[in-house]
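Peer 1: Heads up: the protein sequence lines correspond to chains A and B, in order. What the first sequence shows, in my numbering, is residues 78 to 370, in sequence order. What the second sequence shows, in my numbering, is residues -16 to 488, in sequence order. Idealized CB from N, CA, C, for every residue including glycine. Provided herewith is a single structure, encoded as structure tokens, for subsequent inquiry.
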Amino acid sequence: MRLSRQVGGPVRGSAGGPVRGSVGSSVGAYLIYAIIGVYVLAAIAGPYLVPYDPVATVVTERLLPPGAPTAAGTAWLGTDGVGRDVLAQVVHGARTSLTIGVVVVLLCSLVGVALGAVAGYAGGFADVAVARTIDVLMAFPGILLAIVIAGLLDRGVDVVIIALSVAGWIGFARLSRSVALSVRERDWVDAARIMGVRTPAVLGRHVVPFLAGPVVALATMELASVVLSEAALSFLGLGLPPYVVSWGQSIASGKEYLATAWWISAFPGIALTVLVVCIGLVGDRLTKRFAQR
Amino acid sequence: MKLNTRRAVPALALTFTLLTAAACGSTSPGNDDGDDAAGGTVTAAGPIPIENLDPHGPSSMDAGTQLAARALFSQLVVSTGPGEFTGDLATGWEPNDDTSQWTFTLRDGVEFSDGEPVDADAVVASFERVQELQGPLAGNFVDYQVEAPDATTVVFDAGKPDASFVAKISSFFVTPADVDDAFFQEPVGSGPFVVESFTPGQELRMTPNPTYWDGAPALQELVFQSIPEVSARMTALQTGEVDVTWAMPDDQIAALQGDTSITVEDVESPGVVTMWMNSGEESLEEAAVRRALWQAVDFDEITASLFPETGTPADSVVSPVVLGYAPQEPVAYDPDAAKAALDAAGFDYDTKLRLQFSQPQFRQLAQAVASDLAEIGVQVEPLEKEQAVFLEDLLALKWDINLQQVGSQGYDAATNLGRLYPCAAGRTGYCNEELDTLLADAEATSDTAEREDLYAQATKIIWDDAVGMYPMFVGMPYAWRTSVQGFEPAGDSLPYFTHVTNSEG
């Protein structure tokens, strides 16, 4: 029975696991999901509700504090050095950050899982090649590679995605490889092989499904770090072109005004911090859950 | 997405900077509170780092090098205002009848800090070195001959009339003969200060020159420090780590004015914010189009909002403190007329105009210009470039609109109009034979009133044909701690520290 049940896929949330804890922690969990939901909503619908043109400036309304009235309404979070609305920058920045984050994580997890699973299952030369490539890439800090790549290429969304993906797949590949290494020794994999199931089918049906849980947990952690790295690149002026709104650029544009107009940097900074912390907490919960398998 | 090799170097440099910064931590500059000498120590932080101390070579016109050179070396003459000069090494200067030959008489008994005399041979050797190195300064002295009939007389021969020679020679510094690059790590000069230590791009420490001809400065030590980040520079001034700074952005001035331990003063400068429109580009070929673009930007509002302290709307190509200034009819903001003129000229609204600039203080100005032009449907892409890349592209005319501050060295229009606008200069994409003739005539005339008249005619052509937009004159803001005495702000942003003392340092 155990065999057949596991062949169908990994065991989901074994009873009495540590995930469902006290009432307090579950309220906290709902809060985290609610906050992330707000961000996703802002990213999807926000730009339609809060219009923003990164080119248009209103120099007569520059550096207004939060809540100040402007010709276009009220600047709830103030205006920046050329009179653009900070609230609109936060909302439009959410779309940029989440889009880049999700695309990079999808790309990294696809590449990482494919390479890692094949390497772990096949062993031999494939394993050596993938493992050594990972070792080499791990010698460089990821953000350093991203800075060099983003610096070499002209600014653009595609460049940022490539720059952040180059080192991002390593984590997924290492995880997949180690899981595949242990799963390939299990009875049902042997059974499948003896029955003459072809290798790709064995990989797809009997190995990869066991990766899903840990990979999802890792993906959330990775999402948080990608959002942060994108902001860092934009802050350094290396990532996105000026006409793409991003939190990193907004924070950078306010760094000369920290003493006089704190809201330019503060609000995008808070938005970034809260998102990264919330995604990180979700990642922690998922990691805990799948580590207990 | 194409490979941009020109950005590779800055990117790598940034990478290594991050690495080394992480590895080394920060070393705080020593603020020697122990000095109890009469003059004290003054630390000055200008807007531009000092990368090189050689006042003759490629960095000869660099603001950082010029600033250091004014403390370390001697000039023949110092320009003090439009057409006004005082002698430094020179005690007198005299042109011949057609101003093609200038004779300078040198001060007697001036010595370099190593005891060698500063004589006519040193002046000749320095001048020839400038010409040989082909730096930006050499452009002022093409085909000049120089000779020293005796130890205190130098004769410059231009071969053709050159009335503004004194203004041009005011950026020329005298060093000992037979110098090489290594010499400028710790150079010997005849200026008020001598080098104690020099870290390019970071710090230049100097002590008074005991043999300075006008008496050694009272200061114990003078330090030029580089603090690239504006907010850090302002904080350093407020905490007393830095005693003097200048060229602060307008937004920072208000905060400094509220501080009672700091004096803030704005001086008139020869600087004009200049936005050339590349007449060599097909889209900007017609004067009507260039004028329409100028008309479409509300510069009065932008100047009042972004530069309330230092900016005044410009009415000429050179500033009022420059010889040759002639006020013109201001270009009024009228987007509807601009749009109509562009339509009439058949302007292609699909063209994306590249607006290049390098200095961060122009970032918001560039954005505001792009915004105003977008309102009449003209697309402008502001491009902030690394200084070196900016200069390269500037000379190669790889821009549609170029935004920079243009000064007039020696307060004379010859070094601005005469240097930048002739067809042969190839700097603006604009070429007009009538203008060429006027500028050449102005160079060749020794009569000041006649020169002013010729420059007025030239200015009118440049203004009416809209070779560029000339949005505003900029003042130069200075701020120094009240403990600093005897500091004189200089309009050209290159102050002297000879008579400065600090009661607290």
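Give the residues from the stretch 225 to 257 of chain B that approach chain A closer than 9 Å (Cβ to any Cβ), ordered along the chain.
Peer 2: So the list reads P232, D234, Q235, A237, A238, given in the order they occur along the chain.
Peer 1: Does DSSP put K335 (chain B) in a helix, in a strand, or in coil?
Peer 2: Taking the first residue of the second sequence as position 1, residue 335 (chain B) is located at position 352. Correct three-state label for K335 (chain B): strand.
Peer 1: For the stretch 332 to 350 of chain A, which residues have a CB atom closer than 8 Å to at least one CB atom of chain B, in sequence order?
Peer 2: Of all residues in the stretch 332 to 350 of chain A, K332, E333, Y334, L335, A336, T337 have a Cβ within less than 8 Å of some Cβ in chain B.
Peer 1: Chain C partners of Q350 (chain B), CB-CB under 7 Å?
Peer 2: As a matter of chain content, chain C is missing from the structure shown, whose protein chains are A and B.
Peer 1: Considering only their Cβ atoms, is the gap separating V280 (chain B) from L366 (chain B) smaller than 8 Å?
Peer 2: Counted from its first residue, the second sequence places residue 366 (chain B) at position 383. Counted from its first residue, the second sequence places residue 280 (chain B) at position 297. Not a contact, by the Cβ cut-off of 8 Å.
Peer 1: Can you list the residues of chain A that P365 (chain B) reaches, using a CB-CB cut of under 8 Å?
Peer 2: On the second sequence, position 382 is the one that residue 365 (chain B) refers to. Chain A residues near P365 (chain B): P319.
Peer 1: Are L241 (chain A) and V188 (chain A) close, meaning C-beta to C-beta below 8 Å?
Peer 2: The sequence position of residue 241 (chain A) within the first sequence is 164, counting from 1. The sequence position of residue 188 (chain A) within the first sequence is 111, counting from 1. Cβ atoms of L241 (chain A) and V188 (chain A): not closer than 8 Å.
Peer 1: Output, in sequence order along the chain, the residues in the stretch 136 to 150 of chain A whose CB is closer than 7 Å to any CB in chain B.
Peer 2: The stretch 136 to 150 of chain A vs chain B, Cβ under 7 Å: V136, T137, R139.
Peer 1: Counting contacts by CB-CB distance shorter than 8 Å, is E284 (chain B) in contact with chain A?
Peer 2: Numbered from 1 along the second sequence, position 301 holds the residue referred to as residue 284 (chain B). Yes, contact with chain A.
Peer 1: Looking only at its own chain, which residues have a Cβ that is under 6 Å from the Cβ of Q208 (chain B), when we skip the five neighbours before and after it?
Peer 2: As a working note, residue 208 (chain B) is residue 225 in the second sequence. T26, A28, E186, listed in sequence order.
Peer 1: State the DSSP-derived secondary structure class of A250 (chain A), mapped to helix, strand or coil.
Peer 2: Taking the first sequence and counting its residues from 1, one reaches residue 250 (chain A) at position 173. A250 (chain A): helix per DSSP, three-state reduction.
Peer 1: By DSSP, does Y479 (chain B) sit in helix, in strand, or in coil?
Peer 2: For the purposes of this step, residue 479 (chain B) is taken as the residue at position 496 of the second sequence. Residue state, collapsed to three classes: coil.
Peer 1: Would you report the Cα separation of D102 (chain B) and V389 (chain B), rounded to the nearest angstrom?
Peer 2: Walking along the second sequence from the start, residue 102 (chain B) turns up at place 119. Walking along the second sequence from the start, residue 389 (chain B) turns up at place 406. Going from the Cα of D102 (chain B) to the Cα of V389 (chain B) covers about 34 Å.
Peer 1: Please list, in chain order, all residues of the same chain as I109 (chain A) whose beta carbon is under 7 Å from its beta carbon, the five residues on each side excluded.
Peer 2: Within the first sequence, the letter at position 32 stands for residue 109 (chain A). Around I109 (chain A): C355, L358, V359.
Peer 1: Would A92 (chain A) count as contacting chain B if we go by Cβ distances under 8 Å?
Peer 2: Here the question's residue 92 (chain A) lines up with position 15 in the first sequence. Bear in mind that a pLDDT of 42 at A92 (chain A), under 50, signals an unreliable position, so the number given afterwards is only what the model happens to contain. Judged by the 8 Å Cβ criterion, A92 (chain A) is not in contact with chain B.
Peer 1: Rounded to the nearest angstrom, how far is the Cβ of S262 (chain B) from that of V450 (chain B), given a contact under 8 Å?
Peer 2: As a working mapping, residue 262 (chain B) is identified with position 279 in the second sequence. As a working mapping, residue 450 (chain B) is identified with position 467 in the second sequence. That belief holds up - the Cβ atoms of S262 (chain B) and V450 (chain B) are roughly 7 Å apart, short of 8 Å.
Peer 1: Closer than 7 Å to a non-hydrogen atom of the ligand MN - does that hold for the CB of P170 (chain B)?
Peer 2: Summarising the ligand content, the structure contains no ligands, and the ligand MN is consequently not present.
Peer 1: Report buried or exposed for P65 (chain B), applying the criterion of at least 16 other Cβ atoms within 10 angstroms of its Cβ.
Peer 2: Working through the second sequence from its first residue, we reach residue 65 (chain B) at position 82. Classification for P65 (chain B): buried.
Peer 1: Run through the DSSP bridge pairs and tell me what Q128 (chain B) is partnered with.
Peer 2: Translated into the one-based positions of the second sequence, residue 128 (chain B) becomes position 145. According to DSSP, which records beta bridges pairwise, Q128 (chain B) is partnered with B:D140.
Peer 1: Inspect the beta-carbon positions of M459 (chain B) and A230 (chain B) and report whether they are closer than 8 Å.
Peer 2: Along the second sequence, read from residue 1 onward, the residue named residue 459 (chain B) stands at position 476. Along the second sequence, read from residue 1 onward, the residue named residue 230 (chain B) stands at position 247. Closer than 8 Å, so yes.
Peer 1: State yes or no: is the C-beta of D126 (chain B) within less than 8 Å of the C-beta of T82 (chain B)?
Peer 2: Looking up residue 126 (chain B) in the second sequence gives position 143. Looking up residue 82 (chain B) in the second sequence gives position 99. Result no, Cβ atoms of D126 (chain B) and T82 (chain B) do not sit closer than 8 Å.
Peer 1: Taking the alpha-carbon of Y316 (chain B) as reference, which of B:V255, B:K335, B:R337, B:V352 has the nearest alpha-carbon?
Peer 2: Within the second sequence, residue 316 (chain B) is the residue found at index 333, counting from 1. Among B:V255, B:K335, B:R337, B:V352, the Cα nearest to that of Y316 (chain B) is on B:V352.
Peer 1: Count the other CB atoms within 10 Å of the CB of I211 (chain A); is the residue buried (16 or more) or exposed (fewer)?
Peer 2: As a working mapping, residue 211 (chain A) is identified with position 134 in the first sequence. Buried: at least 16 other Cβ atoms inside 10 Å.
Peer 1: Closest to T267 (chain B) by C-alpha separation, out of B:T246, B:F330, B:G92, B:F373, would be which residue?
Peer 2: The count along the second sequence starts at 1 and reaches residue 267 (chain B) at position 284. A small fix is needed here, since residue 267 (chain B) is Leu in this sequence, not Thr. Checked all of B:T246, B:F330, B:G92, B:F373; the closest Cα to L267 (chain B) is B:F330.
Peer 1: By Cβ distance below 6 Å, which residues in the same chain neighbour Q326 (chain A) in space, the five residues on each side in sequence not counted?
Peer 2: Counted from its first residue, the first sequence places residue 326 (chain A) at position 249. If we look at Q326 (chain A) and ignore the five residues flanking it on each side, its Cβ neighbours are S311.
Peer 1: Which residues, in chain order, does the stretch 294 to 311 of chain B contribute to contact with chain A at a C-beta distance below 7 Å?
Peer 2: Within the stretch 294 to 311 of chain B, no residue has a Cβ that lies closer than 7 Å to any Cβ of chain A.
Peer 1: Which chain A residues sit within Cβ distance under 9 Å of L289 (chain B)?
Peer 2: Along the second sequence, one-based indexing puts residue 289 (chain B) at 306. Simply V136, R139, G158, V159.
Peer 1: Among B:K322, B:T257, B:A160, B:P405, which has the Cα closest to the Cα of Q278 (chain B)?
Peer 2: If you number the second sequence from 1, residue 278 (chain B) lands on position 295. Closest by alpha carbon: B:K322.
Peer 1: Could you say which of B:V93, B:S154, B:L239 lies nearest to D197 (chain B) if we only look at CA atoms?
Peer 2: By 1-based counting over the second sequence, the position of residue 197 (chain B) is 214. Comparing Cα-Cα distances from D197 (chain B) to each of B:V93, B:S154, B:L239, the minimum goes to B:V93.
Peer 1: At 4 residues or longer, what runs of the alpha helix (DSSP H) sit wholly inside the stretch 25 to 65 of chain B?
Peer 2: Within the stretch 25 to 65 of chain B, the complete alpha helix (DSSP H) runs of at least 4 residues are 46 to 55.
Peer 1: Have a look at E67 (chain B) and G346 (chain A) and give me their C-alpha separation to the nearest angstrom.
Peer 2: As a working note, residue 67 (chain B) is residue 84 in the second sequence. As a working note, residue 346 (chain A) is residue 269 in the first sequence. The straight-line gap from Cα to Cα measures roughly 53 Å.
Peer 1: Would you kindly report the start and end of the unbroken beta strand (DSSP E) that includes I245 (chain B)?
Peer 2: Counting from one through the second sequence, the residue named residue 245 (chain B) turns up at place 262. Taken as a continuous stretch (DSSP letters only), the beta strand (DSSP E) holding I245 (chain B) covers 245 to 250.
Peer 1: Would you please verify whether the beta carbon of A353 (chain B) is less than 8 Å from any beta carbon of chain A?
Peer 2: Position 370 of the second sequence, counting from 1, holds the residue named residue 353 (chain B). A353 (chain B) counts as touching chain A.
Peer 1: Considering only C-alpha positions, which residue in the set B:N192, B:D161, B:S244 is nearest to G174 (chain B)?
Peer 2: The residue given as residue 174 (chain B) occupies position 191 in the second sequence. The shortest Cα separation from G174 (chain B) among B:N192, B:D161, B:S244 belongs to B:N192.
Peer 1: E333 (chain A): which of B:Q468, B:I285, B:M217, B:P78 sits nearest, CA to CA?
Peer 2: Here residue 333 (chain A) refers to the residue found at position 256 of the first sequence. If we check each option's Cα against that of E333 (chain A), B:M217 comes out closest.
Peer 1: For Q347 (chain B) and chain A, any beta-carbon pair shorter than 8 Å?
Peer 2: In the second sequence, residue 347 (chain B) corresponds to position 364, counting from 1. Chain A contact via Cβ: present.
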